[in-house]
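With full-length UniProt numbering, letter number 66 in the sequence shown gets 66, and the count goes up by one each step, no holes.
Every residue gets a Cβ at the ideal spot worked out from N, C-alpha and C, and that includes glycine.
Computed from a predicted structure; not experimentally measured.
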Amino acid sequence: MAFLNHHYSIWSDNPMSTIEERVKKIVVEQLGVKEEEVTNSASFVDDLGADSLDTVELVMALEEEFECEIPDEEAEKITSVQQAIDYVKAHVKS
Numbered sequence: 001m002a003f004l005n006h007h008y009s010i011w012s013d014n015p016m017s018t019i020e021e022r023v024k025k026i027v028v029e030q031l032g033v034k035e036e037e038v039t040n041s042a043s044f045v046d047d048l049g050a051d052s053l054d055t056v057e058l059v060m061a062l063e064e065e066f067e068c069e070i071p072d073e074e075a076e077k078i079t080s081v082q083q084a085i086d087y088v089k090a091h092v093k094s
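What follows is the structure in structure tokens.
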């Protein structure tokens with residue numbers, strides 16, 4: 001019997017979860033926080049301890065990851081994990 005190599009992706013049925021997971025991974029990497037701290041409702045500043053430079057770098061990392069440009073006036077509105085996820089979902093074609 002031949003061995004069949006199946007590749008299963010947890011993202012295949014729901015591309016939006018891909019965005020959520022990618023955003024959370026960036027937050028963990030950029031802010032040096034634990035994965036379990038990065039909840040959808042977490043505020044970058046109040047809950048995750050980010051300062052203004054951290055938030056700028058976070059936005060730059062999101063722009064790079066999702067190949068988009070986030071205008072400054074929009075970036076200022078992205079203050080939580082959920083807002084980052086929502087912005088990417090609304091502005092990036094998956």
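Buried or exposed for Ala-2, going by 16 or more other Cβ atoms inside 10 Å?
Because the pLDDT at Ala-2 is just 49, under 50, the model does not fix this residue reliably, and the value given afterwards should be weighed accordingly. Exposed.
Give the DSSP bridge partners of Ser-80, in chain order.
According to DSSP, which records beta bridges pairwise, Ser-80 is partnered with Ser-43.
Taking its Cβ as the centre, do 16 or more other Cβ atoms sit within 10 Å of Leu-53, making it buried, or is it exposed?
The C-beta of Leu-53 has fewer than 16 other C-beta atoms within 10 Å across all chains shown, which makes the residue exposed.
Element boundaries [alpha helix (DSSP H), containing Ala-75]:
Counting along the chain, the alpha helix (DSSP H) containing Ala-75 begins and ends at 72-75.
Can at least three beta-carbon pairs, one atom from the stretch 29-45 and one from the stretch 65-77, be found at a separation below 8 Å?
The answer is no - the stretch 65-77 does not touch the stretch 29-45, with fewer than three Cβ pairs under 8 Å.
Is Val-88 closer than 8 Å to Leu-62 when the C-beta atoms are compared?
Yes, the Cβ-Cβ distance between Leu-62 and Val-88 is below 8 Å.
Beta-carbon contacts of Glu-76 that lie in its chain and below 6 Å, excluding the five residues immediately before and after:
Excluding residues within five positions, none has a Cβ falling inside 6 Å.
Could you give the residue range of the alpha helix (DSSP H) that holds Leu-62?
Note, Leu-62: alpha helix (DSSP H), 52-66.
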